[in-house]
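This report refers to the structure that appears directly beneath it.
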Amino acid sequence: MSLFWRIFLLNAVVLVLAMVMLLGPVTVSTPVLLTEAAILVVGLAAMLVANAALLRVGLSPVRRLTRAMSTTDLLRPGQRPVPDGRGEVAELIRTFNTMLDRLEAERAGSAARALSAQEAERRRIAQELHDEVGQTLTAVLLELKRVADHAPRPVQEEIRQVQETTRTGLDEIRRIARRLRPGVLEELGLSSALKALAGEFSTPGLAVHHHLEPGLPPLDEDTELVLYRVAQEGLTNTARHAHARHVDLTLRRTPGGVELHVRDDGRGPGNAPEGSGISGMRERALLIGADLTVGPSPGGGMQVRLAVPVPRTTEESR
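For the sequence shown, our numbering gives the first residue as 2, with consecutive numbering after it.
Here it is as C-alpha coordinates:
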(Lines of atoms letter the chains of each structure in order from A and count residues from 1; the text may use other names and numbers.)
(Lines give C-alpha, C1' and ligand atoms only; values in the text may rest on other atoms or scores of the structure.)
Protein backbone atom coordinates (compact mmCIF):
# COMPACT_ATOMS: atom_id res chain seq x y z
CA MET A 1 0.00 0.00 0.00
CA SER A 2 1.37 3.41 -0.95
CA LEU A 3 2.08 6.12 1.59
CA PHE A 4 -0.79 8.23 0.26
CA TRP A 5 -3.39 5.53 0.77
CA ARG A 6 -2.10 4.63 4.23
CA ILE A 7 -2.39 8.25 5.42
CA PHE A 8 -5.78 8.62 3.69
CA LEU A 9 -7.19 5.49 5.31
CA LEU A 10 -5.88 6.47 8.75
CA ASN A 11 -7.61 9.84 8.51
CA ALA A 12 -10.74 8.21 7.10
CA VAL A 13 -10.94 5.83 10.05
CA VAL A 14 -10.71 8.73 12.48
CA LEU A 15 -13.42 10.73 10.64
CA VAL A 16 -15.74 7.73 10.32
CA LEU A 17 -15.48 7.06 14.05
CA ALA A 18 -16.28 10.71 14.74
CA MET A 19 -19.34 10.54 12.49
CA VAL A 20 -20.53 7.33 14.16
CA MET A 21 -20.21 8.98 17.53
CA LEU A 22 -22.25 11.95 16.35
CA LEU A 23 -24.94 9.72 14.87
CA GLY A 24 -24.96 7.51 17.92
CA PRO A 25 -24.53 8.51 21.55
CA VAL A 26 -23.40 12.07 20.86
CA THR A 27 -26.01 14.56 19.67
CA VAL A 28 -25.95 18.30 19.15
CA SER A 29 -28.89 20.51 19.94
CA THR A 30 -29.69 24.06 18.96
CA PRO A 31 -28.47 26.12 20.67
CA VAL A 32 -25.44 24.01 21.66
CA LEU A 33 -25.42 23.09 25.28
CA LEU A 34 -22.32 23.56 27.39
CA THR A 35 -21.95 19.83 27.98
CA GLU A 36 -22.32 19.11 24.25
CA ALA A 37 -19.67 21.72 23.42
CA ALA A 38 -17.33 20.17 25.96
CA ILE A 39 -17.92 16.73 24.45
CA LEU A 40 -17.19 18.05 20.93
CA VAL A 41 -13.99 19.77 22.06
CA VAL A 42 -12.81 16.63 23.80
CA GLY A 43 -13.68 14.54 20.74
CA LEU A 44 -11.83 16.93 18.42
CA ALA A 45 -8.77 16.85 20.68
CA ALA A 46 -8.89 13.06 20.74
CA MET A 47 -9.07 12.94 16.92
CA LEU A 48 -6.13 15.31 16.56
CA VAL A 49 -4.03 13.34 19.03
CA ALA A 50 -4.90 10.06 17.36
CA ASN A 51 -4.16 11.49 13.92
CA ALA A 52 -0.82 12.91 15.06
CA ALA A 53 0.18 9.61 16.69
CA LEU A 54 -0.74 7.58 13.62
CA LEU A 55 1.10 9.96 11.29
CA ARG A 56 4.18 9.91 13.49
CA VAL A 57 4.26 6.13 13.39
CA GLY A 58 3.66 6.05 9.64
CA LEU A 59 6.27 8.70 8.80
CA SER A 60 9.02 7.67 11.25
CA PRO A 61 11.02 5.85 8.52
CA VAL A 62 10.94 9.05 6.44
CA ARG A 63 12.33 11.04 9.37
CA ARG A 64 15.16 8.54 9.80
CA LEU A 65 15.93 8.76 6.11
CA THR A 66 15.96 12.56 6.28
CA ARG A 67 18.38 12.44 9.21
CA ALA A 68 20.63 10.04 7.31
CA MET A 69 20.59 12.33 4.26
CA SER A 70 21.57 15.37 6.31
CA THR A 71 24.47 13.60 8.06
CA THR A 72 25.92 11.60 5.15
CA ASP A 73 29.56 12.37 4.33
CA LEU A 74 31.21 10.49 1.48
CA LEU A 75 34.60 10.92 3.15
CA ARG A 76 33.25 9.21 6.27
CA PRO A 77 31.23 6.20 5.12
CA GLY A 78 29.06 4.85 7.87
CA GLN A 79 26.02 2.72 8.42
CA ARG A 80 23.14 2.82 6.02
CA PRO A 81 19.56 3.50 7.14
CA VAL A 82 17.62 0.26 7.58
CA PRO A 83 14.92 -0.11 4.89
CA ASP A 84 12.09 -0.70 7.35
CA GLY A 85 8.52 0.33 6.77
CA ARG A 86 6.45 -0.81 3.83
CA GLY A 87 5.81 0.08 0.25
CA GLU A 88 7.16 3.38 -0.99
CA VAL A 89 9.09 4.25 2.18
CA ALA A 90 11.14 1.03 2.16
CA GLU A 91 11.73 1.41 -1.56
CA LEU A 92 12.87 5.00 -1.05
CA ILE A 93 15.38 3.93 1.63
CA ARG A 94 16.72 1.11 -0.56
CA THR A 95 17.09 3.53 -3.46
CA PHE A 96 18.94 5.99 -1.24
CA ASN A 97 21.32 3.24 -0.05
CA THR A 98 21.96 2.17 -3.63
CA MET A 99 22.67 5.78 -4.59
CA LEU A 100 25.16 6.10 -1.71
CA ASP A 101 26.94 2.91 -2.78
CA ARG A 102 27.22 4.21 -6.33
CA LEU A 103 28.40 7.65 -5.22
CA GLU A 104 31.04 6.20 -2.90
CA ALA A 105 32.28 3.85 -5.63
CA GLU A 106 32.43 6.68 -8.17
CA ARG A 107 34.16 8.98 -5.70
CA ALA A 108 36.70 6.31 -4.82
CA GLY A 109 37.42 5.73 -8.50
CA SER A 110 37.77 9.42 -9.32
CA ALA A 111 39.89 10.01 -6.20
CA ALA A 112 42.16 7.12 -7.15
CA ARG A 113 42.66 8.57 -10.64
CA ALA A 114 43.24 12.05 -9.25
CA LEU A 115 45.75 10.88 -6.65
CA SER A 116 47.53 8.72 -9.22
CA ALA A 117 47.85 11.73 -11.52
CA GLN A 118 49.01 13.82 -8.56
CA GLU A 119 51.75 11.33 -7.68
CA ALA A 120 52.85 11.18 -11.31
CA GLU A 121 53.03 14.98 -11.44
CA ARG A 122 55.00 15.02 -8.18
CA ARG A 123 57.50 12.57 -9.62
CA ARG A 124 57.87 14.67 -12.78
CA ILE A 125 58.39 17.92 -10.84
CA ALA A 126 60.85 16.25 -8.45
CA GLN A 127 62.79 14.83 -11.39
CA GLU A 128 62.97 18.23 -13.06
CA LEU A 129 64.06 19.92 -9.83
CA HIS A 130 66.78 17.33 -9.33
CA ASP A 131 68.01 17.02 -12.91
CA GLU A 132 67.61 20.57 -14.21
CA VAL A 133 67.48 23.09 -11.38
CA GLY A 134 69.77 21.06 -9.13
CA GLN A 135 72.39 20.54 -11.81
CA THR A 136 72.22 24.19 -12.83
CA LEU A 137 72.83 25.36 -9.27
CA THR A 138 75.66 22.84 -8.91
CA ALA A 139 77.27 24.28 -12.05
CA VAL A 140 76.79 27.78 -10.60
CA LEU A 141 78.57 26.72 -7.40
CA LEU A 142 81.51 25.32 -9.37
CA GLU A 143 81.73 28.47 -11.46
CA LEU A 144 81.61 30.66 -8.35
CA LYS A 145 84.44 28.61 -6.83
CA ARG A 146 86.54 29.08 -9.96
CA VAL A 147 85.86 32.82 -9.96
CA ALA A 148 86.60 33.10 -6.24
CA ASP A 149 89.99 31.41 -6.71
CA HIS A 150 91.07 34.13 -9.17
CA ALA A 151 89.33 37.13 -7.60
CA PRO A 152 90.91 39.71 -5.28
CA ARG A 153 90.59 39.01 -1.57
CA PRO A 154 87.81 41.63 -0.88
CA VAL A 155 85.74 40.16 -3.71
CA GLN A 156 86.37 36.58 -2.58
CA GLU A 157 84.44 37.16 0.63
CA GLU A 158 81.42 38.44 -1.24
CA ILE A 159 81.58 35.52 -3.67
CA ARG A 160 81.72 33.07 -0.76
CA GLN A 161 78.55 34.61 0.66
CA VAL A 162 76.89 34.10 -2.71
CA GLN A 163 78.17 30.51 -2.66
CA GLU A 164 76.57 29.86 0.73
CA THR A 165 73.27 31.35 -0.41
CA THR A 166 73.33 29.20 -3.55
CA ARG A 167 74.24 26.10 -1.56
CA THR A 168 71.36 26.76 0.85
CA GLY A 169 68.98 27.11 -2.10
CA LEU A 170 70.30 23.86 -3.58
CA ASP A 171 69.72 22.03 -0.29
CA GLU A 172 66.19 23.41 -0.11
CA ILE A 173 65.44 22.27 -3.66
CA ARG A 174 66.71 18.80 -2.85
CA ARG A 175 64.57 18.72 0.29
CA ILE A 176 61.48 19.72 -1.72
CA ALA A 177 62.27 17.06 -4.32
CA ARG A 178 62.52 14.41 -1.59
CA ARG A 179 59.13 15.43 -0.22
CA LEU A 180 57.57 15.35 -3.66
CA ARG A 181 59.02 11.95 -4.53
CA PRO A 182 60.05 9.78 -1.57
CA GLY A 183 62.80 7.83 -3.29
CA VAL A 184 63.83 6.21 -0.01
CA LEU A 185 60.35 4.65 0.18
CA GLU A 186 60.86 2.90 -3.16
CA GLU A 187 64.45 1.91 -2.47
CA LEU A 188 64.60 1.06 1.26
CA GLY A 189 61.00 0.51 2.32
CA LEU A 190 58.43 2.11 4.60
CA SER A 191 60.32 1.97 7.91
CA SER A 192 63.41 3.65 6.50
CA ALA A 193 61.26 6.26 4.77
CA LEU A 194 59.44 7.09 8.02
CA LYS A 195 62.76 7.35 9.90
CA ALA A 196 64.06 9.75 7.26
CA LEU A 197 60.81 11.71 7.44
CA ALA A 198 61.09 12.03 11.22
CA GLY A 199 64.67 13.25 10.90
CA GLU A 200 63.67 15.77 8.26
CA PHE A 201 61.03 17.37 10.51
CA SER A 202 63.20 17.35 13.63
CA THR A 203 64.37 20.85 14.49
CA PRO A 204 65.77 22.53 17.61
CA GLY A 205 62.22 23.56 18.52
CA LEU A 206 60.44 20.34 17.53
CA ALA A 207 61.61 16.85 18.55
CA VAL A 208 60.17 14.01 16.46
CA HIS A 209 60.44 10.57 18.08
CA HIS A 210 59.72 7.53 15.92
CA HIS A 211 58.60 4.13 17.23
CA LEU A 212 58.52 1.66 14.34
CA GLU A 213 57.62 -1.87 15.34
CA PRO A 214 59.54 -4.63 13.54
CA GLY A 215 57.87 -7.61 11.93
CA LEU A 216 55.12 -5.71 10.13
CA PRO A 217 52.96 -7.65 7.65
CA PRO A 218 53.82 -7.19 3.97
CA LEU A 219 52.10 -4.18 2.43
CA ASP A 220 51.55 -3.31 -1.21
CA GLU A 221 52.96 -0.15 -2.80
CA ASP A 222 49.70 1.81 -2.58
CA THR A 223 49.30 1.07 1.13
CA GLU A 224 52.88 2.07 1.90
CA LEU A 225 52.48 5.29 -0.06
CA VAL A 226 49.25 6.15 1.80
CA LEU A 227 50.92 5.50 5.17
CA TYR A 228 53.87 7.68 4.18
CA ARG A 229 51.70 10.54 2.88
CA VAL A 230 49.45 10.52 5.95
CA ALA A 231 52.51 10.63 8.23
CA GLN A 232 53.98 13.42 6.11
CA GLU A 233 50.79 15.48 6.24
CA GLY A 234 50.39 14.90 9.98
CA LEU A 235 53.95 16.09 10.67
CA THR A 236 53.48 19.04 8.32
CA ASN A 237 50.35 20.16 10.18
CA THR A 238 52.17 19.82 13.49
CA ALA A 239 55.16 21.83 12.32
CA ARG A 240 52.99 24.60 10.84
CA HIS A 241 50.05 24.98 13.19
CA ALA A 242 50.37 23.02 16.44
CA HIS A 243 53.10 25.01 18.23
CA ALA A 244 54.25 21.66 19.64
CA ARG A 245 57.61 20.69 21.12
CA HIS A 246 57.37 16.90 20.82
CA VAL A 247 55.83 14.58 18.25
CA ASP A 248 55.53 10.80 18.44
CA LEU A 249 55.44 8.91 15.14
CA THR A 250 54.36 5.31 15.74
CA LEU A 251 53.82 2.43 13.36
CA ARG A 252 52.76 -0.85 14.93
CA ARG A 253 51.15 -4.15 14.10
CA THR A 254 47.58 -4.92 15.16
CA PRO A 255 45.51 -8.12 15.02
CA GLY A 256 43.76 -6.83 11.90
CA GLY A 257 46.63 -5.04 10.16
CA VAL A 258 48.81 -2.03 11.02
CA GLU A 259 48.22 1.32 12.72
CA LEU A 260 49.97 4.64 12.22
CA HIS A 261 49.87 7.28 14.96
CA VAL A 262 51.09 10.88 14.80
CA ARG A 263 50.62 12.49 18.21
CA ASP A 264 51.91 15.90 19.35
CA ASP A 265 51.74 17.98 22.52
CA GLY A 266 50.58 21.18 20.83
CA ARG A 267 47.50 23.29 21.24
CA GLY A 268 45.12 20.80 19.60
CA PRO A 269 42.58 21.30 16.82
CA GLY A 270 40.22 23.59 18.77
CA ASN A 271 37.16 24.61 16.77
CA ALA A 272 39.00 25.03 13.49
CA PRO A 273 37.32 23.32 10.50
CA GLU A 274 39.12 20.58 8.65
CA GLY A 275 41.34 21.87 5.87
CA SER A 276 42.33 20.43 2.53
CA GLY A 277 45.20 18.49 4.10
CA ILE A 278 42.93 16.42 6.33
CA SER A 279 40.45 15.95 3.48
CA GLY A 280 43.30 14.64 1.35
CA MET A 281 44.26 12.20 4.10
CA ARG A 282 40.66 10.94 4.27
CA GLU A 283 40.56 10.40 0.51
CA ARG A 284 43.81 8.46 0.61
CA ALA A 285 42.54 6.35 3.50
CA LEU A 286 39.39 5.46 1.58
CA LEU A 287 41.47 4.21 -1.35
CA ILE A 288 42.90 1.35 0.72
CA GLY A 289 39.87 0.80 2.95
CA ALA A 290 41.59 2.30 6.02
CA ASP A 291 40.00 4.09 8.95
CA LEU A 292 41.32 7.60 9.63
CA THR A 293 40.67 9.40 12.92
CA VAL A 294 41.80 13.00 13.42
CA GLY A 295 41.12 14.77 16.69
CA PRO A 296 42.40 15.85 20.08
CA SER A 297 44.86 13.56 21.82
CA PRO A 298 43.90 12.20 25.28
CA GLY A 299 46.92 13.89 26.84
CA GLY A 300 46.44 17.16 24.98
CA GLY A 301 47.50 18.15 21.52
CA MET A 302 46.53 16.58 18.21
CA GLN A 303 46.38 12.95 17.14
CA VAL A 304 46.17 11.35 13.71
CA ARG A 305 45.38 7.62 13.67
CA LEU A 306 45.29 5.50 10.53
CA ALA A 307 44.16 1.88 10.91
CA VAL A 308 44.99 -0.14 7.81
CA PRO A 309 43.41 -3.59 7.43
CA VAL A 310 45.59 -6.35 6.03
CA PRO A 311 43.90 -9.41 4.51
CA ARG A 312 44.49 -12.57 6.52
CA THR A 313 45.69 -14.41 3.45
CA THR A 314 48.46 -11.81 3.04
CA GLU A 315 49.57 -12.26 6.65
CA GLU A 316 49.46 -16.07 6.42
CA SER A 317 51.60 -16.03 3.27
CA ARG A 318 54.30 -14.10 5.10
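Heads up, the beta-carbon is just placed ideally off N, CA and C, and yes, glycines get one too.
Measuring CB atoms only, is the region 150-160 touching the region 172-179, in the sense that at least three cross pairs come out at less than 8 Å?
no
Quick one: is Thr36 buried, meaning 16 or more other Cβ sit within 10 Å of its Cβ, or exposed?
In the sequence shown, the residue the question calls residue 36 occupies position 35. It counts as exposed.
With respect to 7 Å, is the separation between the Cβ of Thr237 and the closest non-hydrogen atom of the ligand FMN below this value?
Among the components modelled here there is no ligand, and therefore nothing to report on the ligand FMN.
How about Leu236 and Val259: are their beta carbons less than 8 Å apart?
Position 235 of the sequence shown, counted from the first residue, corresponds to residue 236. Position 258 of the sequence shown, counted from the first residue, corresponds to residue 259. Going by C-beta atoms, Leu236 is not nearer than 8 Å to Val259.
Beta-carbon contacts of Arg81 that lie in its chain and below 7 Å, excluding the five residues immediately before and after
Here the question's residue 81 lines up with position 80 in the sequence shown. So the list reads Asn98 and Leu101, once near-sequence residues are dropped.
Could you check what DSSP says for Glu214 in three-state terms: helix, strand or coil?
Looking up residue 214 in the sequence shown gives position 213. Of the three classes helix, strand and coil, the one that applies to Glu214 here is coil, per DSSP.
Contact set for Leu220: own chain, Cβ-Cβ below 8 Å, skip 5 residues either direction
Looking up residue 220 in the sequence shown gives position 219. For Leu220, where only same-chain residues beyond five positions count, the Cβ hits under 8 Å are Leu191, Leu228, Val259, Val309 and Val311.
Examine the Cβ distances between the region 291-309 and the region 234-252 and report whether three or more of them are shorter than 8 Å.
yes
Taking the Cβ atom as the reference point for each residue, do Gln233 and Leu198 lie within a distance shorter than 8 Å?
Counting from one through the sequence shown, the residue named residue 233 turns up at place 232. Counting from one through the sequence shown, the residue named residue 198 turns up at place 197. A contact, by the Cβ cut-off of 8 Å.
Could you compute how far the alpha carbon of His242 sits from the alpha carbon of Ser298?
Translated into positions along the sequence shown, residue 242 becomes position 241. Translated into positions along the sequence shown, residue 298 becomes position 297. Straight-line Cα distance between these residues: approximately 15 Å.
Leu207: which of Glu129, Asp265, Leu261 and Glu214 sits nearest, CA to CA?
Residue 207 sits at position 206 when you count from the first residue of the sequence shown. The shortest C-alpha separation from Leu207 is found at Asp265.
Counting only runs that start and end within the region 77-158, where is the alpha helix (DSSP H) found for 4 or more residues in a row?
89-129 and 135-151
Residues sharing a beta bridge with Asp221, DSSP
In the sequence shown, residue 221 corresponds to position 220, counting from 1. Looking at the DSSP assignment, Asp221 forms no beta bridge with any residue, so it has no partner.
Across which residues does DSSP place Ala208 in a beta bridge pair?
As a first step, residue 208 is located in the sequence shown; it is residue number 207 there, counting from the start. Answer is His247.
Decide if Arg103 is buried, meaning its Cβ has at least 16 other Cβ atoms within 10 Å, or exposed.
Residue mapping note: residue 103 aligns to position 102 of the sequence shown, counting from 1. Burial call: exposed.
Which residue wins for smallest C-alpha separation from Val43, given the options Ala69, Arg65, Ala19 and Ala115?
Locating residue 43 in the sequence shown gives position 42, counting from the first residue. Here the closest residue by C-alpha is Ala19.
Any C-beta of chain C under 8 Å from that of His247
Here there is only one protein chain, and chain C is not present.
For the beta strand (DSSP E) that Val263 lies in, which residues bound it at each end?
Counting from one through the sequence shown, the residue named residue 263 turns up at place 262. Where Val263 is concerned, the enclosing beta strand (DSSP E) stretches over Gly258 to Asp265.
Looking at Pro62 and Val17, is the spacing between their C-beta atoms short of 8 Å?
Position 16 of the sequence shown, counted from the start, is the residue given in the question as residue 17. Position 61 of the sequence shown, counted from the start, is the residue given in the question as residue 62. Result no, Cβ atoms of Val17 and Pro62 do not sit closer than 8 Å.
With distances taken Cα to Cα, identify the nearest neighbour of Gln164 among Arg147, Leu142, Val185 and Asp172.
Taking the sequence shown and counting its residues from 1, the one referred to as residue 164 is at position 163. It is Leu142 whose Cα lies nearest to the Cα of Gln164.
Sort Pro270, Gly216, Asp223 and Phe202 by Cα distance to Ala240 and report the nearest one.
Locating residue 240 in the sequence shown gives position 239, where the first residue counts as 1. Minimum Cα distance to Ala240 is reached at Phe202.
With 16 other CB atoms within 10 Å as the buried threshold, where does Gly267 fall?
Sequence index remark: in the sequence shown, residue 267 carries index 266 (1-based). Its Cβ being crowded by 16 or more others within 10 Å, Gly267 is buried.
Run through the DSSP bridge pairs and tell me what Gly302 is partnered with.
The residue given as residue 302 occupies position 301 in the sequence shown. According to DSSP, which records beta bridges pairwise, Gly302 is partnered with nothing at all.
Roughly how many whole angstroms lie between the Cα atoms of Arg147 and Val263?
The residue labelled residue 147 in the question sits at position 146 within the sequence shown. The residue labelled residue 263 in the question sits at position 262 within the sequence shown. Straight-line Cα distance between these residues: approximately 47 Å.
Provide the residue span of the beta strand (DSSP E) that contains Ala296, from first to last.
On the sequence shown, residue 296 is found 295 positions in, with the first residue counted as 1. Residue identity differs from the one stated: residue 296 is Gly in this sequence, not Ala. Asp292 to Pro297 is the extent of the beta strand (DSSP E) around Gly296.
Tell me whether Val311 sits in a helix, a strand or coil according to DSSP, three-state version.
In the sequence shown, the residue the question calls residue 311 occupies position 310. Residue state, collapsed to three classes: coil.
Looking only at its chain, what residues have a beta carbon closer than 6 Å to the beta carbon of His131, apart from the 5 residues adjacent to it on each side?
Start at 1 with the first residue of the sequence shown, and residue 131 comes out as number 130. Cβ within range, chain order: Ala178.
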